[in-house]
Structure formats: structure tokens, C-alpha cells
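A.B. asks:
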DNA sequence: ATGAAAGCGCTAACAA
DNA sequence: TTGTTAGCGCTTTCAT
């Protein structure tokens with residue numbers, strides 16, 4: 001391997017002058033700089049990143065942490081990666097099986113193997129995670145009110161109310177079923193609040209069919225099986241993501257349920273699944289959320305001032321509702 | 001930061017003994033080992049990964065390289081990451097805009113910042129890329145016959161013939177349109193061969209509507225626009241991926257085309273899009289492909305013998321054809 | 001079985 | 001403006 005010492009020798013200067021010429025830090029005369037640069041080019045020198053990382057205690061790598069893969073994770077990753085690339089940061093991805101695995105990643109962070117952390121979803125409590133903010137920026141897609149961890153969250157409460165009100169206006173006090181994510185999540189709690197408010201206002205609407213599927217994989221299928229076997233009469237179902245809604249609808253259709261004739265359906269997040277399958281949904285502008293989150297990391301790291309883009313979600317009415 | 005020197009001091013031994021005790025390399029007495037380990041635990045010592053990486057000239061990180069994001073990329077990433085995790089390897093993701101960006105990643109590889117390379121798709125020629133195989137294993141999802149780069153490829157020629165024959169058996173010599181990927185790709189070439197063979201055998205079948213969309217994003221929409229404006233009569237369309245087929249079908253349906261009544265449709269790869277939208281397709285067992293590719297990397301790195309799992313693709317007939 | 005010492009390649013404090 | 005030197009934390013010869 002050709003080192004900076006080789007370059008210095010070839011250019012007839014010292015290691016430090018060569019270093020200064022190459023990194024652009026500190027004083028170097030034009031003459032020396034030129035000598036060093038040509039020598040470097042001639043020898044085909046590239047700085048050892050490993051040495052740089054070790055020396056500088058920073059890797060220019062961001063950890064992207066999710067619990068499992070599902071399509072929205074891929075979308076977030078795409079946006080995040082493409083923004084960070086422009087600033088010379090790499091993205092290392094982790095799927096965490098449990099709190100211990102997540103703790104390992106936090107240790108990597110403490111040891112500077114990662115310069116920032118982008119949580120799609122967490123496993124440990126925020127109070128545990130936020131201790132690590134002293135090592136660099138931590139952001140999360142999940143809603144949290146934690147002061148140290150940045151969350152570009154969208155309040156699901158008014159959004160959910162909007163869906164419910166839309167259904168009421170269009171169809172009256174029909175029975176609405178709900179497919180929700182992890183009940184421990186703040187977004188889920190916000191939705192539950194909206195549901196209970198709505199039920200108070202519209203006592204004739206039965207909103208009691210509520211099922212929870214914290215993992216998106218197969219959630220739609222499981223929910224549909226549940227739906228098909230319940231004795232309750234349900235006229236509409238709201239699902240927490242388009243992906244899950246798509247699988248839900250697909251399974252129901254195979255079982256002969258006509259949508260929207262027999263059952264109205266609402267998704268959430270306006271992904272390709274919603275688009276392609278013509279599912280009514282709410283666009284929460286995932287790309288902008290990812291941008292806010294990623295910019296927050298960059299601004300902290302590069303000491304720039306961060307300004308958040310305000311997101312105004314939009315109801316998208318399509319064929320299913 | 002607590003270093004190995006601190007541990008050594010606390011344990012009353014030398015740095016090297018401490019290192020041996022912790023890494024498990026070389027001779028250490030039970031007594032010393034115990035002393036070191038308790039000291040390490042008491043001090044909350046964790047080895048500096050950055051120093052280890054620098055010293056060992058290896059990061060235990062694999063580069064995962066794609067051109068753009070589309071759902072199958074996410075799936076591959078999921079499988080790849082989860083396997084590598086078990087062996088203690090991380091995965092860093094890159095989306096390459098052009099050959100220069102890809103070349104940068106290859107440089108990272110040369111400098112040992114990456115221990116292996118998983119190409120979903122490449123930008124430079126394989127003859128350029130394969131020079132880097134001396135730095136570690138390189139595998140690719142794309143079909144290549146390059147000797148140095150491992151490709152767990154599936155021959156699309158017999159698969160495509162299978163689809164064409166199925167259509168012929170079911171519907172006779174109808175006109176078939178083709179939505180293909182990059183014409184420069186080997187998979188596309190294999191498909192074109194199958195098409196020309198088929199046309200020779202079935203001269204009444206018009207197979208001349210062939211369109212190419214190298215990027216999956218929006219490909220389905222563009223193809224549908226093309227389809228809607230062509231003067232040719234097309235009875236069936238085969239699309240190179242379920243994702244693109246899904247968007248294609250979605251757009252056509254919005255424009256009042258009935259599928260399968262007016263148009264038969266065939267996808268490829270059996271993804272969730274195909275499943276949820278009931279599109280006939282071929283299952284190429286992406287998970288197993290990813291497994292072969294990933295295992296190949298691991299086996300090279302860990303000096304184990306690699307055995308490939310043979311994949312037998314399966315036609316999946318659904319609603320659209 | 002253990003310790004001393006060298007060195008991976010780079011950067012930065014300090015001296016000149 | 002440049003060179004000297006130290007040191008980041010670890011592993012690994014080479015002696016002992």
C-alpha cells in the first residue's frame with residue numbers, strides 16, 4: 001500500500017506537509033502543494049480510510065435501524081441514503097431482533113463506528129437510548145416526545161379523525177373496524193383516542209373490532225382471517241398502512257368479498273401498494289419525513305442550522321372508500 | 001475512553017497479556033485471564049472497533065450496491081442483512097448514480113473499508129470490476145459469466161419460453177407484447193432469444209411490440225402509456241417484474257382496460273405486488289438467490305466450502321393470464 | 001506464560 | 001511555511 005510517507009518522500013517533503021497538502025488543512029506553499037499532489041497522482045495514492053477513521057474517531061457512516069423490513073422501510077432508506085451520499089456519509093443498515101441486538105448497535109455508536117443513528121423503529125426504551133445522544137445525533141421516524149431524540153412526527157390523531165369524519169359524511173354511522181399497529185406505540189395511542197372520541201359522538205357506529213399487528217409482514221392476511229371469522233358486522237375497515245391494507249384486501253377478494261361494495265377500506269401512508277391497488281389513503285409525505293430526519297442528522301454533524309419542513313398530510317380518496 | 005492499557009494496569013499484567021486474554025489469541029494462564037476479564041468487566045471496557053479495524057485492515061462490513069431502489073432491492077437487502085448479521089458482518093448500502101460513484105465504492109473496497117461486495121446491479125463493466133476481486137469476494141445478482149465475480153444466475157431463456165408456451169397452449173397464437181429491462185443485460189438478451197424462437201415457430205403471433213425500461217421506477221406507467229397509444233393489437237403482455245406489471249395493470253385499469261378479459265398479463269419474480277394484485281408470474285425464489293449470494297461471500301471470507309442451493313423456478317398462474 | 005516493543009497510516013501540537 | 005515528534009488502541013512478533 002502506498003502511504004502518505006511514500007508520497008512525502010517522492011515529493012521531497014515531510015509527512016506532515018504532505019498531509020496538509022492532501023487534506024487541505026493548515027499552511028502549505030503553492031509550490032509544495034503542487035509537488036505533493038503530482039507525486040500523489042503519480043504513485044496512485046489514496047488515503048487509508050481506516051487510518052483516517054481511527055485517527056479522527058469518526059467513520060462518516062450513519063446507522064439505519066429498523067426492526068424488520070417492509071416496503072416503507074425501503075422507501076425511507078432510499079431517501080435517507082441519497083441525501084447522506086451528497087454529504088459523503090454512508091449508511092449501514094441494521095434489523096434488530098431484540099433489545100440486545102439494538103444495544104450492540106448503540107455500543108458501535110459509542111465507539112464511534114457510527115456517527116449518527118436513524119431509527120425507523122426502536123426496541124429499547126427511549127430513556128435507555130437517549131443516554132447515547134452524547135455521542136452524536138439520534139433521530140427517529142417513530143413518534144416520541146423525548147427531548148434528546150429528534151422525531152419528525154406527524155400527529156395521527158387529527159388524521160384519524162379526518163378519516164372517520166369522511167366515512168361518517170359519506171356513509172353515515174356505519175360500523176368501522178380498525179387494524180392497528182403495536183398498541184404500545186404513540187401513533188396507535190393517538191388513533192385509539194380518535195376512535196374513542198368518535199364513538200362517543202356516534203354511538204350507533206360500532207367501533208369495537210380492533211386488532212393489533214405490530215409486524216407488517218403477513219399482518220394483512222392475519223387481519224383478513226380475523227375479519228372473515230368474526231361474528232360482528234363491519235362496514236368499513238381502516239388499516240394502519242397501505243401495504244397491510246393491500247394484503248388485507250387481496251385476501252378478502254380471494255374469499256369473495258367485494259370491495260368497496262360490501263366493505264369500505266382505508267389505508268395509510270400512500271405507498272405504491274395503495275396507488276396500484278386504488279386504495280383510499282392518507283399521504284403523509286414519507287419522502288419529506290425522511291428528508292427532515294436526515295437533514296437533522298447532517299445539520300448536527302456539520303454544524304449547520306436545521307430547519308424543519310412542515311408536512312401537511314392529505315387525504316387521498318380512491319376506489320375503496 | 002477505557003483502553004486495553006487501563007485494563008492491563010488494573011489487572012496487574014501487561015498490555016499484551018490483556019490483549020491475549022480478551023481476544024482469545026495465544027497463550028494466557030487461567031489465572032491471568034480471570035484477572036483481566038474481571039478488570040475489564042469492572043471498568044466497563046469495550047475494545048475500540050476503530051482500532052481493531054485499522055489494525056486488522058478489515059471492517060466486517062459488506063457493501064450492498066444497487067443502482068436505484070425498487071421493492072426487490074429491499075427484499076434482497078433484507079435477506080442479505082439477516083444472514084450476514086449471524087456472522088457478525090454489517091451491511092452498508094450504496095445507490096450508484098454513475099460509474100464514478102461506483103468506482104468510489106470499489107476504492108473503499110480496495111482500502112479495506114469493505115470486506116465484500118454484493119452487487120444488485122453494476123455500472124462499470126465486469127472487466128473493470130473484476131480487478132478488485134483480489135481484495136475480497138464480489139458477487140452479483142445480475143447475470144454475468146465473468147469468472148471472478150460470482151453470479152447465482154437464473155437462465156431467463158427457458159423461463160420465458162415457458163411463459164410463451166403457456167400462453168400459446170391456453171390462448172393459441174395471440175399477439176404478445178413485451179416490457180423488458182435494459183437491452184444490454186444478459187437476462188434481457190435471453191428473453192429476446194426466447195421471443196425470436198417463439199416467433200419463428202408461431203408466425204401468426206405478432207411479438208413486435210417490445211419496449212425497454214431499464215429503471216423500474218415509473219416503468220409500468222410509461223409502458224401503459226405506450227400501450228394505450230400504439231396502433232398494434234396486443235392480446236397479452238409479459239412484464240419483466242411484478243412491480244412494473246402491477247403499475248402497468250393499475251394504470252391500464254384506470255384507463256378502462258379490463259384484465260384479463262381484454263388483455264392477458266404476466267409478471268415476473270412473484271413479489272408481494274404480484275401476490276396482492278393476483279398477477280400470473282414466475283417465482284424465481286429471490287430469498288434463495290440472496291442466500292446463495294450471501295453465503296458465497298461468507299464462505300470466501302470465513303474459509304468455508306460453499307455449496308450452492310439449486311433453484312427451480314415455478315410458474316404461478318393467477319387471475320391475469 | 002508473560003512482557004517489551006514495534007508498527008498499522010494518519011493528523012496535529014509544537015518547534016524551528 | 002515546514003519538519004519533528006507523539007500518539008490514537010490494538011495485535012503480534014520476539015525475547016525472556
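Residue numbers (full-length UniProt numbering), protein chains in the order written: chain A, 1 to 321; chain B, 1 to 321. Ideal Cβ placement from N, Cα and C applies to all residues, glycine included. Treat the numbers as computed from the prediction; the structure is a model and nothing was measured.
#1: Tell me residue 118(A)'s beta-bridge partners as DSSP assigns them.
#2: Give me the Cα-Cα distance between residue 249(B) and residue 258(B), rounded to the nearest whole angstrom.
#3: Any beta carbon from chain B within less than 9 Å of residue 46(A)'s own beta carbon?
#4: So, using beta-carbon positions, are residue 284(A) and residue 154(A) closer together than 9 Å?
#5: Answer with buried or exposed for residue 66(B), where buried requires no fewer than 16 other C-beta atoms within 10 angstroms of its C-beta.
#6: Pull up the distance between the alpha-carbon of residue 68(B) and that of residue 17(A), whole angstroms please.
#7: Any residues in the region 70-95 of chain B with a beta carbon nearer than 8 Å to a beta carbon of chain A? Which ones, in chain order?
#8: Does the contact criterion of 3 or more C-beta pairs under 8 Å hold for the region 204-219 of chain A versus the region 235-254 of chain A?
#9: Could you tell me which of 47(A), 161(A), 181(A), 179(A) sits nearest to residue 199(A), measuring between CA atoms?
#10: Am I right that residue 21(B) and residue 37(B) are in contact with their C-beta atoms under 8 Å? What's the rounded C-beta distance?
#11: Using a cut-off of 7 Å between C-beta atoms, extract the partners of residue 112(B) located in chain A.
#12: So for residue 27(A), helix, strand or coil by DSSP?
#13: Leaving out five residues on either side along the sequence, give the residues of the same chain with a beta carbon under 6 Å from the beta carbon of residue 87(B).
#14: With distances taken between CB atoms, is the gap from residue 272(A) to residue 243(B) smaller than 9 Å?
#15: Is residue 127(A) helix, strand or coil when you go by DSSP?
#16: Here's the rule: buried if 16 or more other CB atoms are within 10 angstroms of the residue's CB, otherwise exposed. What is residue 98(A)?
#17: Report the rounded CA-to-CA distance for residue 3(B) versus residue 95(A), giving the unit in angstroms.
#18: Do the region 289-308 of chain B and the region 179-186 of chain B meet, that is, are 3 or more Cβ pairs less than 8 Å apart?
#19: Rank 111(A), 142(A), 321(A) by C-alpha distance to the C-alpha of residue 122(A) and give the top, closest one.
#20: What does a CB cutoff of less than 8 Å around residue 233(B) pick up in its chain, not counting 5 residues either side in sequence?
#21: Taking the C-alpha atoms as reference points, what is the distance between residue 277(A) and residue 241(A)?
#22: Name, going along the chain, the residues of the region 243-256 of chain A whose beta-carbon falls closer than 7 Å to a beta-carbon of chain B.
#23: In terms of residue numbering, what span does the beta strand (DSSP E) encompassing residue 156(B) cover?
#24: Quick check for students: name the residue ranges of the beta strand (DSSP E) that lie wholly in the region 203-278 of chain B, counting only runs of 3 or more.
#25: Note the first and the last residue of the continuous alpha helix (DSSP H) segment covering residue 198(A).
#26: Just the C-alpha distance for residue 166(B) and residue 179(A), rounded to the nearest angstrom, thanks.
#27: Which residues share a DSSP beta bridge with residue 95(B)?
#28: Who does residue 90(A) pair with in a DSSP beta bridge?
#29: Using 9 Å as the limit for Cβ to Cβ distance, is residue 281(A) near chain B?
#30: Quick one: what's got a C-beta closer than 8 Å to residue 197(B)'s C-beta in the same chain, skipping five residues either side?
#31: Sort out for me which residues DSSP pairs residue 149(B) with in a bridge.
#32: Below 6 Å CB to CB, which residues in the same chain sit around residue 146(A) once its five sequence neighbours on both sides are set aside?
#33: Go ahead and label residue 312(B) buried or exposed: buried means 16 or more other beta carbons lie within 10 angstroms of its beta carbon, across all protein chains shown.
#34: Of the choices 15(B), 113(B), 109(B), 14(B), whose alpha-carbon is the least far from that of residue 138(B)?
#35: In or out: residue 55(A) buried (at least 16 other Cβ within 10 Å) or exposed?
#36: Which residue marks the beginning of the alpha helix (DSSP H) containing residue 6(A), and which one marks its end?
C.D. replies: In this structure, then:
#1: On the first chain, residue 118(A) is found 118 positions in, with the first residue counted as 1. According to DSSP, residue 118(A) bridges with 64(A), 139(A).
#2: As a working mapping, residue 249(B) is identified with position 249 in the second chain. As a working mapping, residue 258(B) is identified with position 258 in the second chain. In a straight line, the C-alpha of residue 249(B) is about 9 Å away from that of residue 258(B).
#3: Indexing the first chain from 1 puts residue 46(A) at position 46. Taking 9 Å as the threshold, the shortest C-beta distance from residue 46(A) to chain B falls below it.
#4: Start at 1 with the first residue of the first chain, and residue 284(A) comes out as number 284. Start at 1 with the first residue of the first chain, and residue 154(A) comes out as number 154. The answer is yes: Cβ separation under 9 Å.
#5: Mapped onto the second chain, residue 66(B) falls at position 66. When all chains shown are included, residue 66(B) counts as buried.
#6: For the purposes of this step, residue 68(B) is taken as the residue at position 68 of the second chain. For the purposes of this step, residue 17(A) is taken as the residue at position 17 of the first chain. Their backbone Cα atoms lie some 41 Å apart in a straight line.
#7: Going along the region 70-95 of chain B in chain order, one finds 71, 73, 74, 75, 77, 78, 81, 82, 85, 90, 91, 92, 93, 94, 95 with a Cβ nearer than 8 Å to chain A.
#8: yes
#9: Counted from its first residue, the first chain places residue 199(A) at position 199. When only C-alpha atoms are compared, the closest one is 161(A).
#10: Working through the second chain from its first residue, we reach residue 21(B) at position 21. Working through the second chain from its first residue, we reach residue 37(B) at position 37. That belief holds up - the Cβ atoms of residue 21(B) and residue 37(B) are roughly 6 Å apart, short of 8 Å.
#11: Taking the second chain and counting its residues from 1, the one referred to as residue 112(B) is at position 112. The answer, in chain order, is 50.
#12: Against the first chain, residue 27(A) aligns to sequence position 27. Three-state result, residue 27(A): coil.
#13: Translated into positions along the second chain, residue 87(B) becomes position 87. Excluding sequence neighbours, residue 87(B) sits near 298.
#14: The residue you call residue 272(A) lines up with position 272 of the first chain. The residue you call residue 243(B) lines up with position 243 of the second chain. Cβ distance < 9 Å, so residue 272(A) and residue 243(B) count as in contact.
#15: Numbered from 1 along the first chain, position 127 holds the residue referred to as residue 127(A). Helix, per DSSP.
#16: On the first chain, residue 98(A) is found 98 positions in, with the first residue counted as 1. Result: exposed.
#17: As a position in the second chain, residue 3(B) is number 3, starting the count at 1. As a position in the first chain, residue 95(A) is number 95, starting the count at 1. Those two C-alpha atoms are separated by around 29 Å.
#18: no
#19: In the first chain, counting from the first residue as 1, residue 122(A) sits at position 122. The shortest Cα separation from residue 122(A) among 111(A), 142(A), 321(A) belongs to 142(A).
#20: Counted from its first residue, the second chain places residue 233(B) at position 233. The residues are 175, 206.
#21: In the first chain, the residue the question calls residue 277(A) occupies position 277. In the first chain, the residue the question calls residue 241(A) occupies position 241. About 13 Å.
#22: 246, 247, 250
#23: Your numbering for residue 156(B) matches position 156 in the second chain. Per DSSP, residue 156(B) belongs to no beta strand (DSSP E); it is in the alpha helix (DSSP H), 156-171.
#24: 210-212, 236-239, 264-266
#25: Sequence index remark: in the first chain, residue 198(A) carries index 198 (1-based). Residue 198(A) -> alpha helix (DSSP H) spans 186-201.
#26: Here residue 166(B) is taken as the residue at index 166 of the second chain, counted from 1. Here residue 179(A) is taken as the residue at index 179 of the first chain, counted from 1. Roughly 39 Å between the two C-alpha positions.
#27: The count along the second chain starts at 1 and reaches residue 95(B) at position 95. DSSP, once it has assigned bridges, lists 66(B) as partnering residue 95(B).
#28: Translated into positions along the first chain, residue 90(A) becomes position 90. BP columns for residue 90(A) point to 61(A).
#29: Here the question's residue 281(A) lines up with position 281 in the first chain. Not closer than 9 Å to any Cβ of chain B, the Cβ of residue 281(A) fails to qualify, so no.
#30: The residue you call residue 197(B) lines up with position 197 of the second chain. Only 161 meet the Cβ criterion.
#31: Position 149 of the second chain, counted from the first residue, corresponds to residue 149(B). Its beta-bridge partners do not exist; DSSP assigns none.
#32: Position 146 of the first chain, counted from the first residue, corresponds to residue 146(A). For residue 146(A), where only same-chain residues beyond five positions count, the Cβ hits under 6 Å are 126, 130.
#33: Taking the first residue of the second chain as position 1, residue 312(B) is located at position 312. It is exposed - the Cβ of residue 312(B) has fewer than 16 other Cβ atoms within 10 Å.
#34: Numbered from 1 along the second chain, position 138 holds the residue referred to as residue 138(B). Distances from the alpha-carbon of residue 138(B) to those of 15(B), 113(B), 109(B), 14(B) put 109(B) closest.
#35: Translated into positions along the first chain, residue 55(A) becomes position 55. Exposed, because fewer than 16 other Cβ atoms sit within 10 Å of the Cβ of residue 55(A).
#36: Here residue 6(A) refers to the residue found at position 6 of the first chain. Its alpha helix (DSSP H) spans residues 4-11.
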